[in-house]
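What follows is a single structure, written as structure tokens, with notes after it.
Protein chains: 2
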Amino acid sequence: MTNETRIWTAALIVIGDEILSGRTQDKNIAQIATWLGVQGIRLREVRVVPDVMDAIVEAVNTLRARNDYLFTTGGIGPTHDDITVDAVAQALGVDVEIHPDARKVLEDYYATRGGLNEGRLRMARVPAGANLIENRMSGAPGIRIGNVFLMAGVPHITAQMLDGLTGTLEGGLPLQSATIGCWVPESEIAELLSKTDRAFDGCQIGSYPFFREGRVGANFVIRSTDTAQLEACAAALIAGLEATGREAVAGGI
Amino acid sequence: MTNETRIWTAALIVIGDEILSGRTQDKNIAQIATWLGVQGIRLREVRVVPDVMDAIVEAVNTLRARNDYLFTTGGIGPTHDDITVDAVAQALGVDVEIHPDARKVLEDYYATRGGLNEGRLRMARVPAGANLIENRMSGAPGIRIGNVFLMAGVPHITAQMLDGLTGTLEGGLPLQSATIGCWVPESEIAELLSKTDRAFDGCQIGSYPFFREGRVGANFVIRSTDTAQLEACAAALIAGLEATGREAVAGGI
């Protein structure tokens with residue numbers, strides 16, 4: 026299997042009671058999924074778990090074993106409910122230690138902001154052997170250990186950290202997509218979709234209905250790593266939709 | 026253990042390639058989490074899985090066994106990528122059958138919309154033994170089988186289905202919350218938060234920092250099923266924050 030055909034996968038663990046209580050609308054799943062796609066890495070599964078040690082450890086161990094990469098968001102701040110570092114260290118069977126570079130970063134960042142204290146120093150704690158991921162936004166770095174990446178819970182801080190990682194992870198061919206929109210109830214052309222999906226190897230068609238301007242329609246998203254197959258599949262679907270007397274809108278509605 | 030102290034839990038499986046590709050921002054996690062909280066049921070874990078049979082079956086069997094309720098969203102429409110009914114049936118070891126009431130609902134709904142066809146009839150398929158959950162929005166019903174609830178992927182259709190289920194599921198005391206805001210870096214008062222969290226049994230304090238109007242602040246959310254403990258914990262945290270010379274804003278900032 027060459028690098029071109031191998032599919033690289035990632036999993037994500039979203040850690041935080043605030044997501045499970047409904048208080049906070051998660052934005053990291055979509056953000057990290059999109060970023061991974063550009064790196065040629067497919068997000069295969071996500072788990073949302075509470076701020077509970079055993080729940081995090083179980084998820085870390087299951088997901089890191091069966092994916093090339095594992096990302097976590099949340100729980101790396103200064104307060105008592107931030108236990109991600111401890112949980113990942115326990116899952117990996119390593120100690121927690123103060124990373125000297127992280128300590129230095131935090132000393133500098135807080136020099137004009139009241140100085141380091143016990144809570145702030147918590148943000149320099151890493152699983153032993155970890156490297157840092159730069160955070161230009163708020164001092165406290167992200168953490169990489171092996172194939173596990175610990176990112177912030179706050180989406181714009183995670184965005185910065187992802188930015189720093191761009192182009193550094195090995196991936197495969199990026200998953201490309203083509204969207205075709207049509208003012209048609211998806212249930213009317215289900216057979217066409219199924220037939221087209223089966224006809225093109227390595228293409229998956231997703232159907233996403235909507236109700237807008239008093240009418241029903243749907244966007245059909247074709248995904249493939251192979252540009253030629255993607256284009257052929259899109260052309261076939263457009264032809265099939267137009268054969269029903271409807272307009273097919275490349276790019277979606 | 027009485028009903029009042031027993032904690033009722035639920036899990037959620039979000040099914041769909043469109044969430045894992047980043048194309049669609051999930052809204053069902055927050056919506057279902059909030060609704061469950063009102064029913065006195067705690068959302069304990071969420072998994073996002075692709076439209077792949079084995080991935081759905083694995084998640085269904087793991088999560089239904091260790092929670093009182095399991096919800097799924099997505100994959101119950103008319104197209105080839107809608108495989109949730111088949112996956113849940115496989116997980117439960119039952120056949121898939123046409124539910125006569127669902128067929129009737131769909132016949133009526135599509136009577137003036139071109140009639141039933143093969144794709145539309147797919148939406149009457151249920152795991153054998155299932156009951157329907159009403160969908161006043163678009164005909165195709167949700168499905169309940171045992172402790173598993175299959176909801177739509179489109180958030181406003183799921184909202185309708187939840188509405189129909191309101192008050193029908195046994196739960197415990199609802200988890201209440203109190204929010205206290207303060208213009209303080211959370212890292213400055215981490216010790217106060219930790220001490221207060223430990224001092225009040227059954228209360229968990231979450232810390233949610235923000236950056237707004239050029240200043241950093243945080244909202245502290247206390248959660249408990251016990252009103253008296255919640256109020257006492259909130260009073261202690263407010264007193265602790267005000268002892269640092271800052272204003273503590275009940276209700277959050």
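Going down the list, the sequences are from chains A and B. Residue numbers for the first sequence follow this note's numbering, beginning at 26 and rising by one. Residue numbers for the second sequence follow this note's numbering, beginning at 26 and rising by one. Ideal placement from N, C-alpha and C gives every residue a C-beta, glycine not left out.
| Query | Result |
| --- | --- |
| Between LEU281 (chain B) and ALA114 (chain B), what straight-line distance do the alpha-carbon atoms span, to the nearest angstrom? | Residue 281 (chain B) lies beyond the residue range present for chain B, which begins at 26 and ends at 278; the question has no answer from this structure. |
| By DSSP's criteria, ILE249 (chain B) is part of a beta bridge. Which residues make up the other side? | Before going further, note that residue 249 (chain B) is Ser rather than Ile in the sequence given. Note: SER249 (chain B) sits in a beta bridge opposite B:GLN201. |
| Excluding sequence positions up to five away, which residues of its chain have a Cβ less than 7 Å from the Cβ of GLU132 (chain A)? | LEU141 |
| From this set, A:GLU216, A:ARG31, A:ASN53 and A:VAL121, which residue's C-alpha is nearest LEU146 (chain A)'s C-alpha? | A:VAL121 |
| Please list, in chain order, the chain B residues whose beta carbon lies closer than 8 Å to that of ASP79 (chain A). | Chain B residues near ASP79 (chain A): none, gap ~12 Å exceeds 8 Å. |
| Quick one: using the 10 Å Cβ neighbour count with 16 as the cut-off for buried, is ASN156 (chain A) buried or exposed? | exposed |
| Which residues in chain A sit within 9 Å of TYR94 (chain B), going by Cβ to Cβ distance? | Ordered by position in chain A, no residue passes the 9 Å Cβ test against TYR94 (chain B), which lies about 14 Å from the chain. |
| Our contact map puts ILE205 (chain A) next to ILE263 (chain A) with C-beta atoms below 8 Å; I'd like the distance itself, whole angstroms only. | 6 Å |
| Under three-state DSSP, which class holds VAL74 (chain B)? | strand |
| Just list the residues that DSSP pairs ALA243 (chain B) with in beta bridges. | B:CYS207 and B:PRO234 |
| Are ALA149 (chain B) and VAL119 (chain B) touching if we call contact CB-CB under 7 Å? | no |
| Could you name the residues of chain A that TYR134 (chain B) contacts, counting a contact when the two beta carbons are closer than 7 Å? | In chain order: nothing, as chain A lies at least about 10 Å away. |
| Considering just the uninterrupted stretch of the alpha helix (DSSP H) at VAL179 (chain B), what are its terminal residues? | Per DSSP, VAL179 (chain B) belongs to no alpha helix (DSSP H) and is neither H nor E. |
| VAL209 (chain B): which of A:THR97, A:ASN172, A:GLY139 and A:LEU218 sits nearest, CA to CA? | A:GLY139 |
| So, helix, strand or coil for GLY65 (chain A), using DSSP? | coil |
| Among the residues of its own chain, which have a CB less than 8 Å from the CB of ILE66 (chain B), if the five just before and after it don't count? | TRP33, THR34, ALA35, ASP93, TYR94, LEU194, GLY196 and GLY197 |
| Is the distance from the Cβ of GLY99 (chain B) to the Cβ of ILE40 (chain B) below 7 Å? | yes |
| By how many angstroms is the C-alpha of ALA58 (chain B) removed from the C-alpha of ALA80 (chain A)? | 18 Å |
| Based on DSSP bridge pairs, tell me the residues matched to PHE225 (chain B). | The partner list for PHE225 (chain B) (beta bridge, DSSP) is empty, contrary to what the question assumes. |
| Could you check which residue in A:GLN50, A:ASP51, A:PHE96 and A:ILE44 has the C-alpha nearest to that of GLY171 (chain A)? | A:PHE96 |
| Report, in whole angstroms, the separation of the C-beta atoms of LEU45 (chain B) and ARG69 (chain A), which I expect to be a contact under 8 Å. | 7 Å |
| Per DSSP, THR9 (chain B) is paired with what? | No statement about residue 9 (chain B) is possible, as the shown extent of chain B runs from 26 to 278 and does not include it. |
| Short check: CB of THR104 (chain B) to CB of LEU175 (chain B), under 7 Å? | no |
| Based on Cα-Cα distance, which residue from A:GLN254, A:VAL151 and A:ALA116 lies nearest to LEU125 (chain A)? | Reading the sequence as shown, one finds Pro at residue 125 (chain A) and not Leu. Selected option, being the one with the closest Cα: A:VAL151. |
| Quick one: Cα of ALA199 (chain B) to Cα of THR250 (chain B), how far? | The sequence shown places Pro at residue 199 (chain B), rather than the Ala named in the question. Using only the alpha carbons, I get a separation of about 6 Å. |
| Per DSSP, which residues does PRO152 (chain B) bridge with? Please list them. | B:VAL121 |
| Within the 7 Å Cβ cut-off, does THR59 (chain A) reach chain B? | yes |
| Starting from the beta carbon of GLU70 (chain A), find every residue of chain B whose beta carbon is closer than 8 Å, and list them in chain order. | LEU45, ARG72, VAL73, VAL74, PRO75 and ALA80 |
| My assumption, with CB atoms under 8 Å, is that PRO180 (chain A) sits in contact with ASN53 (chain A). Please give the rounded CB distance. | 6 Å |
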